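Protein sequences appear in the order of chains V and X. Heads up, the first sequence is in this note's numbering, so the first residue is 4 and it goes up one at a time. Heads up, the second sequence is in this note's numbering, so the first residue is 4 and it goes up one at a time. Note that beta-carbon positions come from the ideal geometry of N, C-alpha and C, so glycine has one too. Keep in mind it's a predicted model, so treat the numbers as computed, not measured. Remarks on the structure that follows.
2 protein chains.
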Amino acid sequence: MNKEILYILLPDFAGHEMVYLAEAVASDEYALKENPKYVSKFVAPTLTPVKSIGGFRLLPDYSFDTMPDDYAALVLVGGFGWTTPIADKVASIVKHAIEKGKIVGAICNAASFMAKHGFLNNIKHTGNGIEQLSIWGRENYTNSNGYVNAQAVSDASIVTANGSATLEFAKELLLLLKNDTPERIEMYYQFNKQGFCDLFK
Amino acid sequence: MNKEILYILLPDFAGHEMVYLAEAVASDEYALKENPKYVSKFVAPTLTPVKSIGGFRLLPDYSFDTMPDDYAALVLVGGFGWTTPIADKVASIVKHAIEKGKIVGAICNAASFMAKHGFLNNIKHTGNGIEQLSIWGRENYTNSNGYVNAQAVSDASIVTANGSATLEFAKELLLLLKNDTPERIEMYYQFNKQGFCDLFK
Numbered sequence: 004m005n006k007e008i009l010y011i012l013l014p015d016f017a018g019h020e021m022v023y024l025a026e027a028v029a030s031d032e033y034a035l036k037e038n039p040k041y042v043s044k045f046v047a048p049t050l051t052p053v054k055s056i057g058g059f060r061l062l063p064d065y066s067f068d069t070m071p072d073d074y075a076a077l078v079l080v081g082g083f084g085w086t087t088p089i090a091d092k093v094a095s096i097v098k099h100a101i102e103k104g105k106i107v108g109a110i111c112n113a114a115s116f117m118a119k120h121g122f123l124n125n126i127k128h129t130g131n132g133i134e135q136l137s138i139w140g141r142e143n144y145t146n147s148n149g150y151v152n153a154q155a156v157s158d159a160s161i162v163t164a165n166g167s168a169t170l171e172f173a174k175e176l177l178l179l180l181k182n183d184t185p186e187r188i189e190m191y192y193q194f195n196k197q198g199f200c201d202l203f204k
Numbered sequence: 004m005n006k007e008i009l010y011i012l013l014p015d016f017a018g019h020e021m022v023y024l025a026e027a028v029a030s031d032e033y034a035l036k037e038n039p040k041y042v043s044k045f046v047a048p049t050l051t052p053v054k055s056i057g058g059f060r061l062l063p064d065y066s067f068d069t070m071p072d073d074y075a076a077l078v079l080v081g082g083f084g085w086t087t088p089i090a091d092k093v094a095s096i097v098k099h100a101i102e103k104g105k106i107v108g109a110i111c112n113a114a115s116f117m118a119k120h121g122f123l124n125n126i127k128h129t130g131n132g133i134e135q136l137s138i139w140g141r142e143n144y145t146n147s148n149g150y151v152n153a154q155a156v157s158d159a160s161i162v163t164a165n166g167s168a169t170l171e172f173a174k175e176l177l178l179l180l181k182n183d184t185p186e187r188i189e190m191y192y193q194f195n196k197q198g199f200c201d202l203f204k
């Protein structure tokens, strides 16, 4: 089994949309896991540093040209890059992933990108609202009936979410990946969603 | 006025604890700000890439040796590095910041680090629980009466928070920084805390 989870990052990516998943994969509460089930790897158009919306520069592990053909999951991280021409290079990567039955995640503008390329037409899904999906998707988006008004939706190994749903997005992907027991995944979610003080008051 | 917000990152830093603050500083909902009030800069022990808990490698803007002497705020990002010897190099940086009346933020293990060095003794504060602060702080932590059981606490320009409180931590720092109106800061907080679907249902 391939252990790598690949995160697709474009310039001006939304860092908050990947951190909870990546941390749950790599660590327990107080330390890095000694034998993590998965390893997160970060993919950008080239190997030069890619800047997040928040301004930090991330050094990619792979470029679009050097990323492996096999992996455990493909995660499209949202941000402002999905309206730029470089995003179109991701379409064939996603097509390949879906054809192979890989776990695919797409959050925020990356979910709208999925609509634009017709990848949401056979599954229940969500995103940054039905209006944004329709605007981005135009004639390629034919499944407004499959839109669900939820923070995150998991169907047929594809998880979609809106940009405020990073914790729900992480939870659904962690469940698909069987990263941990459902109970422990739920606890991780609630701990971060409600917060330490409210969870244990 | 100096515009730079400096984030102190040690190896195995917790990426989720910095992203919301950095994104609110740099962007509005749909685009990067044209004239942001502040700019986030990321500081690590050296200029070589520093790895987050989640596994991404961040290219620092400054090292401890090259960071500027003046800045708008100093933010200590939590993670597993605060128990290692390199953390002690941060003590003089924090001492300097507090003496100059700078805005200082410390979240998760970085709040415990503040206790260890006696920086919480004159302020109301919180952190990863009173027990952890007492264990890390030993005889240098003499202000358990000042501990508040809240997600984040802001007092005398110092904001402390527990590791599940990244949104509350960001909110209190954004208020101190007057990054935006209190109403807009609250909206940013609620949008991400409750989530798009629950906020507008």
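Own chain, CB closer than 6 Å to residue i, minus 5 neighbours either side, in chain order
i: X/GLY108; result: VAL78, VAL162 and LEU176
i: X/ALA47; result: LEU12, VAL53 and PRO63
i: V/TYR191; result: ALA27
i: V/ILE126; result: ASP158, ALA159 and ILE161
i: V/TYR150; result: ILE133
Alpha-carbon spacing of residue i relative to residue j, whole angstroms
i: X/TRP139; j: V/PHE203; result: 22 Å
i: V/ASN152; j: X/ARG187; result: 25 Å
i: V/LYS196; j: X/ALA100; result: 32 Å
i: V/LYS44; j: V/TYR65; result: 8 Å
i: X/ASN182; j: X/ALA25; result: 11 Å
i: X/MET70; j: X/LEU50; result: 10 Å
i: V/LYS40; j: X/PHE16; result: 20 Å
i: X/ALA113; j: V/LYS103; result: 43 Å
i: X/VAL227; j: X/GLY57; result: Outside the modelled stretch of chain X, which goes from 4 to 204, sits residue 227 of chain X, for which no answer is possible.
i: V/GLY82; j: V/GLU20; result: 9 Å
i: X/HIS128; j: X/CYS111; result: 12 Å
i: X/ARG60; j: X/ASP201; result: 34 Å
i: V/LEU178; j: V/TYR10; result: 17 Å
i: V/LEU35; j: X/THR87; result: 14 Å
i: V/GLY166; j: V/SER55; result: 15 Å
i: X/ASP68; j: X/SER95; result: 12 Å
i: X/SER115; j: V/PHE199; result: 16 Å
Per DSSP, the bridge partner or partners of residue i
i: V/ALA155; result: V/ALA164
i: X/VAL1; result: Only positions 4 to 204 of chain X appear in the structure, and residue 1 of chain X is not among them; the question remains open.
i: V/LEU9; result: V/LYS44 and V/LEU77
i: X/TYR150; result: X/HIS128
i: X/VAL93; result: None, per the DSSP bridge assignment.
i: V/GLY18; result: Paired residue(s): none; V/GLY18 is not in a bridge.
i: X/GLY82; result: X/PHE16
i: X/GLY121; result: Its beta-bridge partners do not exist; DSSP assigns none.
i: X/ILE106; result: X/ALA76
i: X/SER30; result: X/LEU35
i: X/SER66; result: X/ALA47
Residue-chain proximity (residue i, chain X), Cβ-Cβ < 8 Å
i: V/PRO71; result: no
i: V/GLY84; result: no
i: V/VAL22; result: yes
i: V/GLY198; result: yes
i: V/HIS99; result: no
i: V/ASN38; result: no
i: V/SER30; result: yes
i: V/ILE2; result: Summary: the structure shown does not reach residue 2 of chain V, with chain V confined to residues 4 through 204, and so no result is reported for it.
i: V/SER167; result: yes
i: V/PRO205; result: The first residue shown for chain V is 4 and the last is 204, placing residue 205 of chain V beyond what the model contains.
i: V/VAL42; result: yes
i: V/HIS128; result: no
i: V/GLN135; result: no
i: V/ASP183; result: no
i: V/LEU9; result: no
i: V/GLU67; result: This sequence places Phe at residue 67 of chain V; Glu is not what is there. So no, V/PHE67 is outside the interface.
i: V/ASN152; result: yes
i: V/PHE16; result: no
i: V/ASN195; result: yes
Cβ shell of residue i (< 7 Å), same chain only, five flanking positions each side left out
i: X/ILE89; result: LEU13 and PRO48
i: X/SER147; result: ILE133 and SER137
i: X/GLY84; result: LEU13, PRO14, ASP15, PHE16 and ALA90
i: V/SER30; result: LYS36
Closer than 8 Å to chain V by CB, residue i
i: X/ARG60; result: yes
i: X/ILE89; result: no
i: X/PHE45; result: yes
i: X/HIS120; result: no
i: X/ALA25; result: yes
i: X/ALA114; result: no
i: X/ASP158; result: no
i: X/LEU13; result: no
i: X/ALA34; result: yes
Sequence-distant residues of its chain with Cβ nearer than 8 Å to residue i (five each side left out)
i: V/TYR144; result: ALA118, LYS119, GLY121, LEU123, ASN124, LEU136 and SER137
i: V/PRO185; result: LEU178
i: V/GLN193; result: LEU202
Cβ-heavy atom distance, residue i to the ligand ADP, below 7 Å
i: X/GLU171; result: As presented, the structure is devoid of all ligands, the ligand ADP included, so that no description of it is given.
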